[in-house]
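**Student:** Per this note's numbering, the very first residue in the sequence shown carries number 14; after that it's consecutive. We put the CB at the ideal spot given by N, CA and C, even for glycine. Here's a structure for you.
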Amino acid sequence: MVSIYLDYNATTPVAPEVVAAMLPFLQEHFGNPSSDHAYADAPRRAMAAAREEVARLLGARAAEIVFTGSATEANNLAILGVARAWGDARRHVVISAVEHPSVHEPARRLQALGWSVTVVPVDEYGRVAPGDVAAALRPDTGLVSIMHANNEVGTIQPIAEIAALAHSRGALMHTDAAQSAGKVALDVEVLGVDLLTLAGHKFYYAPKGVGALYVRTGTPIAAVLAGAGQEQGLRPGTENIPQIVALGAAARLARERLPETHARLSALRDRLHARLAQKIPGLALNGHPEQRLPNTLNVSFPGVSGAALLQRVVDRVAAATGSACHAGDAAPSGVLEAMGLSNERALGAVRLSVGHYTREAEIDAAAAALIAAWRERTIAEHG
Numbered sequence: 014m015v016s017i018y019l020d021y022n023a024t025t026p027v028a029p030e031v032v033a034a035m036l037p038f039l040q041e042h043f044g045n046p047s048s049d050h051a052y053a054d055a056p057r058r059a060m061a062a063a064r065e066e067v068a069r070l071l072g073a074r075a076a077e078i079v080f081t082g083s084a085t086e087a088n089n090l091a092i093l094g095v096a097r098a099w100g101d102a103r104r105h106v107v108i109s110a111v112e113h114p115s116v117h118e119p120a121r122r123l124q125a126l127g128w129s130v131t132v133v134p135v136d137e138y139g140r141v142a143p144g145d146v147a148a149a150l151r152p153d154t155g156l157v158s159i160m161h162a163n164n165e166v167g168t169i170q171p172i173a174e175i176a177a178l179a180h181s182r183g184a185l186m187h188t189d190a191a192q193s194a195g196k197v198a199l200d201v202e203v204l205g206v207d208l209l210t211l212a213g214h215k216f217y218y219a220p221k222g223v224g225a226l227y228v229r230t231g232t233p234i235a236a237v238l239a240g241a242g243q244e245q246g247l248r249p250g251t252e253n254i255p256q257i258v259a260l261g262a263a264a265r266l267a268r269e270r271l272p273e274t275h276a277r278l279s280a281l282r283d284r285l286h287a288r289l290a291q292k293i294p295g296l297a298l299n300g301h302p303e304q305r306l307p308n309t310l311n312v313s314f315p316g317v318s319g320a321a322l323l324q325r326v327v328d329r330v331a332a333a334t335g336s337a338c339h340a341g342d343a344a345p346s347g348v349l350e351a352m353g354l355s356n357e358r359a360l361g362a363v364r365l366s367v368g369h370y371t372r373e374a375e376i377d378a379a380a381a382a383l384i385a386a387w388r389e390r391t392i393a394e395h396g
């Protein structure tokens, strides 16, 4: 029996349309886009078209899109690249307590090199207060990096307000939007960001191994890898054309289907929550009740461990207790701890994330399996 997949925030299946778009570039169109002969023509044109599609998804210009191998790489380029460009002029970075490790770790690396790093807290919903960012800003702040939406609880941050505060002090604004693309509208002009990160396998529905960084024209940034001059000198190495084409196809699908996607995912998420809450007294929603991703439901099951609960349904429901990047950790989620949740509630948390291929019947079956497992586990643990 194949389990019901409710872990779309970890990764997504590859859409058939995306596979069809990339296949020719794994076979006949194999040329290097930097070459000076006919074999480079189709890959070069396809890469330009993909860049345009990603830009359209974000309300950006094609020249502002830099292709990378992942969102992790894009976050590293944003943080370390801006730091390198600032040099000694601005040596202070502001991040939040709920950032992905690919933001926390580059910031920690800068700290080891003598930079100052301020980590602003979040409230009980996982939301950053703009006032806390304002209080953290200094004359030497070079960059503020706050994720657009959290990968564990789905809370969406007030990025536009935070960006305005950063700019008022001469700092740049970066947001990791890996979880947001294809689920909510993203417009770099509305958000006011200077840099924005995307991951292909997190949205509509590209393979793993490709990402992008939006870099607003004029933003001071330097390469962090040495090599040739691909991607405007910011990301050396021969471009992975099949993956880039896939990202472009996914961006087009995401943009075209966004209104339908948002409504459908919200309905599935809310149906799942209602089914669980109806049968499980004390089920607690983690994250903001309104300002959140349409596909993400993080709930704490009372009196049981989320990991133990999922183990009971491992052959029926595929879900997570937190970020896939922390899989195997026995400790409570750092995100939930930063939100001030009790140890018991944090350990009882389960993240359920739906996607394009999720069906109502699967929602009902998954809810029934989780409810039964909770009852069994409660009896086993408490008699």
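Below 7 Å between beta carbons: does that hold for I376 and L306?
**Tutor:** Result no, Cβ atoms of I376 and L306 do not sit closer than 7 Å.
**Student:** Which ranges does the beta strand (DSSP E) cover as unbroken runs of at least 3 residues, wholly within the segment 50 to 116, from first to last along the chain?
**Tutor:** The qualifying runs are 78 to 81 and 105 to 109.
**Student:** Measure the Cβ-Cβ separation of D20 and A331 and say whether it is below 7 Å.
**Tutor:** Yes, these two residues count as a Cβ contact at 7 Å.
**Student:** Please report the straight-line C-alpha distance between G3 and N356, rounded to a whole angstrom.
**Tutor:** Residue 3 is absent from the model: the chain starts at 14 and stops at 396.
**Student:** Where are the beta strand (DSSP E) runs, 3 residues long or more, that stay fully inside the segment 257 to 299, in chain order?
**Tutor:** As far as the segment 257 to 299 is concerned, its whole beta strand (DSSP E) runs of at least 3 residues are 297 to 299.
**Student:** CB-CB under 6 Å to R115, same chain, minus the five flanking residues each way: which ones, in chain order?
**Tutor:** The identity of residue 115 in the sequence shown is Ser, whereas the question assumes Arg. Result list for S115: T85 and N88, in chain order.
**Student:** How about N22 and S366: are their beta carbons less than 7 Å apart?
**Tutor:** It is a contact, given that the beta carbons lie within the stated cut-off.
**Student:** Ordered along the chain, which non-local residues of its own chain (more than five positions away) have a Cβ less than 7 Å from that of M60?
**Tutor:** Result list for M60: P46, E252, I254 and I257, in chain order.
**Student:** Which one or two residues does DSSP pair with D189 in a beta bridge?
**Tutor:** Answer is T210, bridged to D189.
**Student:** Who pairs with D153 in a beta bridge, going by DSSP?
**Tutor:** According to DSSP, which records beta bridges pairwise, D153 is partnered with nothing at all.
**Student:** Candidates H117, V27 and L247: which alpha carbon is nearest R97's?
**Tutor:** Nearest of H117, V27 and L247 to R97, Cα basis: L247.
**Student:** Counting only runs of 3+ residues fully inside the segment 328 to 384, write out the beta strand (DSSP E) ranges in chain order.
**Tutor:** The qualifying runs are 362 to 366.
**Student:** Go ahead and label P119 buried or exposed: buried means 16 or more other beta carbons lie within 10 angstroms of its beta carbon, across all protein chains shown.
**Tutor:** Looking at its Cβ environment, which holds 16 or more other Cβ atoms inside 10 Å, P119 is buried.
**Student:** Quick check: the segment 143 to 161 against the segment 309 to 316, are there 3 or more CB pairs under 8 Å?
**Tutor:** Because the criterion of three Cβ pairs below 8 Å is not met, the segment 143 to 161 and the segment 309 to 316 do not touch.
**Student:** Using the Cα positions of W99 and A276, report the straight-line distance between them to the nearest angstrom.
**Tutor:** So the two alpha carbons sit approximately 42 Å from each other.
**Student:** If you drop the 5 nearest sequence neighbours on each side, which residues of the same chain put their C-beta closer than 7 Å to that of A235?
**Tutor:** G94, R97 and A98.
**Student:** According to DSSP, is D136 part of a helix, a strand, or is it coil?
**Tutor:** Here D136 sits in coil by DSSP.
**Student:** Measuring only the C-alpha atoms, how far is V133 from L208?
**Tutor:** Cα-Cα distance, rounded: 19 Å.
**Student:** Taking the beta carbon of G240 as the centre, do at least 16 other beta carbons fall within 10 Å, making it buried, or is it exposed?
**Tutor:** G240 should be labelled exposed.
**Student:** Just verifying my parser: in three-state terms, what is the DSSP assignment at I234?
**Tutor:** Coil at I234, not helix or strand.
**Student:** What residue from A379, G183, P220 and L226 has the CA that sits closest to A73's CA?
**Tutor:** For A73, the nearest C-alpha among the options comes from L226.
**Student:** How far does the beta strand (DSSP E) with V32 in it extend, from its first residue to its last?
**Tutor:** Here V32 belongs to no beta strand (DSSP E); instead the alpha helix (DSSP H) covers P29 to M35.
**Student:** Please name the residue in G353, T188, G139 and F216 whose C-alpha comes closest to that of T210.
**Tutor:** It is T188.
**Student:** Mind checking whether T131 and V107 have CB atoms under 7 Å apart?
**Tutor:** Taking 7 Å as the Cβ cut-off, T131 and V107 qualify as a contacting pair.
**Student:** Below 8 Å on the Cβ atoms is my contact criterion, and I expect L90 with D200 to pass it. Report the Cβ-Cβ distance as a whole number of Å.
**Tutor:** Going by Cβ atoms, the distance from L90 to D200 rounds to 22 Å, so no, they are not a contact pair.
**Student:** Leaving out the 5 sequence neighbours to the left and right, which residues in its chain are closer than 7 Å to A333 when beta-carbon positions are compared?
**Tutor:** Cβ neighbours of A333 beyond the five flanking positions: D20, A23 and R364.
**Student:** With distances taken between CB atoms, is the gap from A63 to L260 smaller than 7 Å?
**Tutor:** For A63 and L260, yes; Cβs fall inside 7 Å.
**Student:** Contact defined as beta carbons within less than 8 Å: I believe L298 pairs with A379. What is the distance between those atoms, to the nearest angstrom?
**Tutor:** Wrong, their Cβ atoms sit about 17 Å apart, outside the cutoff.
**Student:** Based on DSSP bridge pairs, tell me the residues matched to N164.
**Tutor:** According to DSSP, which records beta bridges pairwise, N164 is partnered with nothing at all.
**Student:** In terms of DSSP beta bridges, what is I169 paired with?
**Tutor:** DSSP output for I169 lists A162 as bridge partner(s).
**Student:** Can you check DSSP and say which residues form a bridge with N311?
**Tutor:** In DSSP, N311 forms a bridge with N299 and R364.
**Student:** With a 10 Å radius around its C-beta and 16 neighbouring C-beta atoms as the bar for buried, classify A33 as buried or exposed.
**Tutor:** Exposed is the call here.
**Student:** Can you have a look at A125 and say buried or exposed, based on whether 16 or more other CB atoms are within 10 angstroms of its CB?
**Tutor:** Answer is exposed; the Cβ neighbour count stays below 16.
**Student:** Alpha carbon to alpha carbon, how far is Q243 from A173? Give it in angstroms, no decimals.
**Tutor:** Spanning the two alpha carbons is a distance of roughly 31 Å.
**Student:** V166 and G139 look like a contact to me (Cβ under 8 Å); what is the Cβ gap, rounded to whole Å?
**Tutor:** Indeed they touch by this definition, with Cβ atoms about 5 Å apart.
**Student:** Give the single residue among V27, Y52, L150 and Y18 whose Cα lies nearest to the Cα of L185.
**Tutor:** Closest option to L185, Cα to Cα, is L150.
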